[in-house]
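A short worksheet on the structure shown next.
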Amino acid sequence: MEIRLLFAVIAGIALLLFLILKLRINAFIALLVGSILVGLIAGLDAMAIVDTIQKGMGDTLGFVATVVGLGAMFGAILEASGGAKAIANFMISRFGMKRSPLAMVISGFLIAIPVFFDVAFIILVPMIYALQRKTGKSLLLYGIPLLAGLAITHAFIPPTPGPIAVADIIGVPLGWVILIGCIVGVPTAIVSGLLFGKYIAQKIHITAPEEAGEDTEIQLPGFNLTLIIVVVPILLIVGNTLANSGILGIQNRALLDVISLLGHPFSALIIANFLAWYFLGIRRDFTKTELFKISTKSLMPAGTIILLTGAGGVFKQMLTKTGAGELLATTLSDIGFPILAFGFISAAIVRVVQGSSTVAMITAAGLVSPLLLNTPVSDAKLACMVIAIASGASIFSHVNDSGFWLVGQYLGLSEKETFKSWTAMTTLLAFTGILTAALIYSVL
1168 MEIRLLFAVI AGIALLLFLI LKLRINAFIA LLVGSILVGL IAGLDAMAIV DTIQKGMGDT
1228 LGFVATVVGL GAMFGAILEA SGGAKAIANF MISRFGMKRS PLAMVISGFL IAIPVFFDVA
1288 FIILVPMIYA LQRKTGKSLL LYGIPLLAGL AITHAFIPPT PGPIAVADII GVPLGWVILI
1348 GCIVGVPTAI VSGLLFGKYI AQKIHITAPE EAGEDTEIQL PGFNLTLIIV VVPILLIVGN
1408 TLANSGILGI QNRALLDVIS LLGHPFSALI IANFLAWYFL GIRRDFTKTE LFKISTKSLM
1468 PAGTIILLTG AGGVFKQMLT KTGAGELLAT TLSDIGFPIL AFGFISAAIV RVVQGSSTVA
1528 MITAAGLVSP LLLNTPVSDA KLACMVIAIA SGASIFSHVN DSGFWLVGQY LGLSEKETFK
1588 SWTAMTTLLA FTGILTAALI YSVL
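Throughout the sequence shown, residue numbering follows the working numbering, covering 1168 to 1611 in sequence.
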């Protein structure tokens, strides 16, 4: 029976990768088909397989669909209003030209909280073009720190979709993921963004393209207002986590109930959306029709992520239902293989093979989640597991990742130069992230 279950897991993963890579089947369908194969090999009957799919999908999407949808609308309004550029402009003015790489990494870190990676990068590319033209230094001196800040937040810090999905599948409060993600993000940004950016800029000199075709300046919202709106949901979520963990020492039940309601990701993001709609929209002469169109359009890419996450929940549920996950956990425990390393390696393999960091995170979370069922692990340590998986899912971006081509195109890099800069940066990010997460895990 044990050999049969292990074979079911291996066969399921192999089929998943074959469908995505060889047949170019959408990852949503591939995850469902792989889950069905695991159930069949493990000996489940037809109705048990169907019920498991329904349960896995329903349990996962009840939370993730709401948070991803609200987060997508929030980010779209911030983008359309010019709020992202306002943050970047302020950072450069405060830090000055000499410290502009630091301004870029912080800008990327903040802006990617509500805005998708690729959108945020495209919005801010003109900023690094302008910096390169003023200083004459390599575009990579500013581009790599910006990309590092964006990539770190995209991978580590909710409400971006990847960590939301992993946190929900594993079962850890988002507040802990935000806290651990921010802590891990600091050394990761320094190593992969600032230090590596300075190094690679000395090796590869890239100039910005001609100014023709640059987008015209628009009246941007104020920095303080924009930052408050971005930070409000984060503070509410983290405050809820700290209050209900007992760290803040709050004993009043009624006050805790209020904090729990306002600090739940649903409520926090609804509040953030209302603030953005009014202060960045209505107060800046956006019509209600324009805001409606912006919000509606933002849900189109979110739909794909939501369905992928649900399919990942199905894969996890199938491993749990068949007992394959528990067997895998026992096997790893017997050979002394660290579960943190298993999460990192699982995500890294899927990432390198098929390209999508989101699919890699969801697949690895589905594999890891059943291993944690009978293991008493604190929420803080579970958050470290989320970061470990996210680190693995960020590693070695190459030709099968759309980000590889996006970065190469906008920075004017050849494929070889993109490997030496962007691919190397994502690999440094991954290893710095897992090492920092493992260090925190060991001392908790």
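C-beta atoms are modelled at their ideal positions from N, C-alpha and C, and glycine is treated no differently.
Collapsing the DSSP output to three states places Leu-1486 in a helix.
Taking a C-beta distance under 8 Å as the contact criterion, Val-1535 and Ala-1194 do not qualify as a contact pair.
Taking the C-beta atoms as reference points, Gly-1480 is found nearer than 8 Å to Met-1224. Distance from the CA atom of Gln-1418 to the CA atom of Gly-1406, rounded to whole angstroms, is 15 Å.
When DSSP states are grouped into helix, strand and coil, Leu-1306 belongs to the coil group.
Secondary structure at Met-1264: coil, using DSSP grouped into helix, strand and coil. One Cα belongs to Phe-1174, the other to Ala-1209, and the distance between them is close to 9 Å.
The residue from Thr-1593, Lys-1587, Gly-1600 and Tyr-1608 with its alpha-carbon nearest to that of Gln-1369 is Lys-1587.
Assigned with DSSP and collapsed to three states, Arg-1171 falls in helix. In the pairwise beta carbon analysis, the stretch 1248-1261 is classified as not touching the stretch 1505-1521: fewer than three pairs are separated by under 8 Å. A straight line joining the alpha-carbon of Glu-1582 with that of Leu-1361 spans about 22 Å. DSSP, reduced to helix, strand and coil, places Ile-1562 outside both helices and strands of the structure shown, so it counts as coil. When secondary structure is reduced to three states using DSSP, His-1321 falls in the helix class.
Per DSSP, the continuous alpha helix (DSSP H) segment holding Arg-1420 begins and ends at 1420-1430.
Counting only residues of its own chain and dropping the five nearest sequence neighbours on each side, Tyr-1608 has a CB closer than 7 Å to the CB of Leu-1507, Lys-1548 and Cys-1551.
A Cβ-Cβ contact shorter than 8 Å links Ser-1305 with Ile-1371.
With fewer than 16 other beta carbons inside 10 angstroms of its own, Phe-1441 counts as exposed. Within its own chain, the residues whose Cβ lies closer than 7 Å to the Cβ of Met-1528, once the five positions on either side in sequence are excluded, are Gly-1329, Ala-1332, Val-1333, Ala-1514, Ile-1556, Ala-1557 and Ala-1560, listed in chain order. Counting only the Cα atoms, Ala-1604 lies some 10 Å from Val-1610.
When the Cα atoms are used, Ile-1177 and Val-1520 turn out to be separated by approximately 15 Å.
Looking only at Phe-1241, Ser-1462 and Ala-1279, the smallest Cα-Cα distance to Ile-1437 is reached by Phe-1241. Shown here for Pro-1376: same chain residues with a beta carbon closer than 8 Å to its own, the five before and five after excluded, namely Tyr-1296 and Gly-1579 in chain order. Per the Cβ contact rule, the stretch 1218-1236 is in contact with the stretch 1463-1472 (3 or more Cβ pairs under 8 Å).
By the neighbour-count definition (other C-beta atoms within 10 Å, threshold 16), Lys-1464 is an exposed residue.
In the structure shown, Asn-1193 adopts coil according to DSSP, grouped into three states.
Within the same chain, Cβ atoms closer than 6 Å to the Cβ of Lys-1483 are found at Ile-1336, Gly-1533 and Ser-1536, the five residues on either side in sequence being excluded.
When rounded, the separation of the alpha-carbon atoms in Phe-1185 and Ala-1322 is 25 Å.
Between the alpha carbons of Pro-1312 and Gly-1364 lies a distance of about 6 Å.
Counting along the chain, Pro-1326 sits inside no alpha helix (DSSP H), nor does DSSP assign it H or E at all. Taken through DSSP and simplified to helix, strand or coil, Ser-1545 comes out as coil. Burial is judged here by how many other beta carbons sit within 10 angstroms of a residue's own beta carbon; Ser-1523 has at least 16 and is buried. Ile-1180 and Leu-1495 have their C-alpha atoms spaced approximately 14 Å apart. The three-state secondary structure of Asp-1285, taken from DSSP, is helix. Met-1271 and Phe-1288 have their C-alpha atoms spaced approximately 11 Å apart. Distance from Ser-1248 to Pro-1388 at the Cβ level is roughly 6 Å; contact confirmed, criterion being Cβ atoms closer than 8 Å. Straight through space, the alpha carbons of Met-1592 and Val-1351 are spaced by roughly 16 Å.
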